[in-house]
Amino acid sequence: MELNFQHADPGLSLMGEAAAARGLLESGKCKGSDFLGWLGLPSAMVSQVSRIEEAAARIRKSDGLIVVGIGGSYLGARAVIEALGTDFPVVFAGHNMDSLYHSDLLNSIQKKKYSINVISKSGTTTEPGLAFRILMNHMESRFSRDELAGLIFATTDANKGSLRPLIKERGWTDFVIGDDVGGRFSVLSPVGLLPIAAAGKNIRRLLEGAQAMADIVRKDSSEKNPALQYACYRNASYRSGKKIELFLSYQPGLHFIAEWWKQLYGESEGKEGKGIFPASVDFSSDLHSMGQWIQEGERLIFETILDVIHPEKDIKIPSSPVDDGLEYLAGRSLHEINRIALAAVQDAHSKGNVQSMKIMLDRMDEFNLGQLLYFYEYACAVSGIMLGVNPFDQPGVEAYKKTMFRMLGKPGF
Ligand code: PA5
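Be aware that the sequence shown starts at 316, since it is given in this note's numbering, and climbs by one per residue.
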């Protein structure tokens with residue numbers, strides 16, 4: 316992985332602050348230091364990989380997997396699975412309460428034998444709780460308790476929450492989310508690893524990539540540390556009045572990497588009246604919807620581009636007997652053309668006073684993705700500490716819940 320600041324002010328004047336923030340993180344003296352368990356996940360998870368792979372192999376014997384979770388309890392798995400692609404049906408539930416979505420889901424599994432991985436650290440979140448109840452109601456009408464014990468996998472807190480008694484009583488396979496790992500930092504725990512392994516992906520390589528990045532960002536306090544560089548770039552942009560960071564990618568498969576990244580940075584930094592607003596666009600499609608605003612609208616944004624150098628698959632542009640004005644591209648690689656579009660857009664945006672930096676991945680495989688995830692997490696922690704907030708809490712998320720509970724008539728609200 317490499318960072319490229321050709322079209323950006325890297326904000327190197329903030330490097331001292333970034334190094335100090337990194338020091339606070341590594342010494343456990345930052346705000347929210349009860350939640351630093353994610354730092355060691357790439358090595359801590361190695362001992363759990365065999366058990367996760369064994370559970371994944373059982374899931375793969377069923378017709379598919381339904382991952383029930385919201386926020387940090389599903390976005391990481393979805394990001395990795397959609398970026399890498401899968402030959403195994405994996406669907407997601409519990410991240411919305413739409414009746415049509417869940418009715419269609421029930422219809423689609425009517426004659427199938429799907430496994431369920433219910434993921435909730437607290438075990439009390441309404442959205443996945445309701446989806447799980449609806450799915451269990453469906454499953455219990457079709458399968459015996461013994462059959463269900465082979466199909467239900469629960470990932471939750473070691474002791475607390477409403478899933479614990481059920482796991483004990485029904486004999487479901489369970490995985491634990493550590494007390495010291497927050498949801499949005501949990502993709503490299505069983506929260507992400509089990510669905511990713513069930514999708515047929517190599518979680519050992521994912522962890523190896525994450526460990527390789529941990530070895531860089533945790534040991535280097537110099538300006539060569541890519542996580543410090545990214546944290547400087549972001550904070551310098553923010554302090555110069557650019558309040559919105561736009562995540563750009565040119566591959567539809569990366570859409571959920573952006574969604575995961577938005578939660579990670581939005582929930583970690585948006586508090587106390589501060590924080591960069593993380594937004595994303597998918598190019599080329601959004602060039603024809605948001606492109607005008609980005610090029611000439613109010614100058615509030617800076618960009619971070621995720622650039623994958625080598626494609627997993629490519630297509631050569633065929634020759635055509637029809638004069639469609641594109642023959643000059645015949646014989647060229649579609650991936651190469653996509654990356655030229657990236658360079659052209661970057662140049663145009665730069666001339667439109669939008670600075671951008673590139674995060675360049677060699678290819679989109681498990682190892683590179685592991686590196687990327689750990690890089691984003693570490694840089695997020697450093698960046699949040701530089702901003703002066705606790706990057707590991709999310710007090711504001713409770714506000715809507717209280718009102719919703721009151722409106723729904725939940726006892727005690
Ligand atoms: O990052 C977070 O902590 C949140 O996004 C949670 O993951 C999300 O709210 C789901 O919570 P839970 O796993 O307790 O159901």
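For glycine and all other residues, C-beta sits at the position ideal for the given N, C-alpha and C.
query                                                                                                                                                                                : result
So is D349 buried or exposed if we call it buried at 16+ other beta carbons inside 10 Å?                                                                                             : exposed
Tell me the DSSP bridge mates of N432?                                                                                                                                               : V382 and F468
Can you say whether Q607 is buried or exposed, counting buried as having 16 or more other CB atoms within 10 angstroms of its CB?                                                    : exposed
Counting only the same chain and skipping the five closest in sequence on each side, list residues whose C-beta sits under 7 angstroms from that of S648.                            : D629 and K631
Since I believe L340 is in contact with A696 (beta carbons under 8 angstroms), could you give me their beta-carbon distance rounded to a whole number of angstroms?                  : 5 angstroms
Mapping DSSP to helix, strand and coil, what is K427?                                                                                                                                : coil
Among S555, F447, A370 and M719, whose alpha-carbon lies nearest the alpha-carbon of V433?                                                                                           : F447
Any heavy atom of the ligand PA5 closer than 8 angstroms to the CB of E582?                                                                                                          : yes
Under the DSSP definition of a beta bridge, which residues are partnered with P593?                                                                                                  : E560
Verify the contact flag: T440, CB atom, against every heavy atom of the ligand PA5, threshold strictly below 8 angstroms.                                                            : yes
Around the Cβ of V361, are there at least 16 other Cβ atoms within 10 angstroms (buried) or fewer (exposed)?                                                                         : exposed
Are the region 461 to 468 and the region 482 to 494 in contact at 8 angstroms, needing three or more beta carbon pairs?                                                              : yes
If you count every other CB in all the chains shown that lies within 10 Å of the CB of K344, and 16 or more means buried, which is it?                                               : exposed
Is it right to say N452 is buried, meaning 16 or more other beta carbons lie within 10 angstroms of its own, or is it exposed?                                                       : exposed
With DSSP run on the structure shown, which of helix, strand or coil describes L399?                                                                                                 : helix
If you measure between the beta carbons of E681 and R520, is that distance less than 9 angstroms?                                                                                    : yes
What does the alpha-carbon distance come out to for the pair S635 and E582?                                                                                                          : 50 angstroms
Around the C-beta of V405, are 16 or more other C-beta atoms found within 10 angstroms, so that it is buried, or is it exposed?                                                      : buried
Buried or exposed, going by whether 16 or more other CB atoms sit within 10 Å of the CB of L615?                                                                                     : exposed
Beta-carbon within less than 7 angstroms of A542's beta-carbon, same chain only, minus the 5 sequence neighbours each way: which residues are those?                                 : V532, F690, Y693, A694 and V697
Given the structure, does S537 come close to the ligand GTP, in the sense that its CB is under 8 angstroms from one of the ligand's heavy atoms?                                     : Although the ligand GTP was asked about, the structure shown includes only the ligand PA5 as ligands.
Return the residue from the list G438, A394, L445 and F403 that minimises the CA-CA distance to S418.                                                                                : L445
Closest to S454 by C-alpha separation, out of R373, Q425, R393 and Q526, would be which residue?                                                                                     : Here the sequence assigns Met to residue 454, which means Ser is not the residue at that position. Nearest option by C-alpha distance: Q425.
Would you report the Cα separation of Q661 and A546, rounded to the nearest angstrom?                                                                                                : 21 angstroms
Rounded to whole angstroms, what is the Cα-Cα separation between G331 and E538?                                                                                                      : 9 angstroms
Does DSSP put F720 in a helix, a strand or coil?                                                                                                                                     : helix
For the region 600 to 665, which segments carrying the beta strand (DSSP E) assignment without a break, of at least 3 residues, lie completely within its bounds, in sequence order? : 616 to 625
From which residue to which residue does the alpha helix (DSSP H) around R485 run?                                                                                                   : L478 to R485
Any contact of the region 392 to 410 with the region 584 to 594, i.e. 3+ C-beta pairs under 8 angstroms?                                                                             : no
Is DSSP giving D677 helix, strand or coil here?                                                                                                                                      : strand
Any idea if P633 is buried or exposed, counting beta-carbon neighbours within 10 angstroms, 16 or more meaning buried?                                                               : exposed
Taking just the CA atoms, how far does Y565 sit from G646?                                                                                                                           : 21 angstroms
When burial is assigned at 16 or more other CB atoms within 10 Å of the CB, is T718 buried or exposed?                                                                               : exposed
Nearest-angstrom Cα distance between G386 and Y429?                                                                                                                                  : 22 angstroms
Pick out whichever of M528, I652 and S504 has its Cα sitting closest to the Cα of I518.                                                                                              : S504
Taking DSSP as the reference, what is the three-state secondary structure of D530?                                                                                                   : helix
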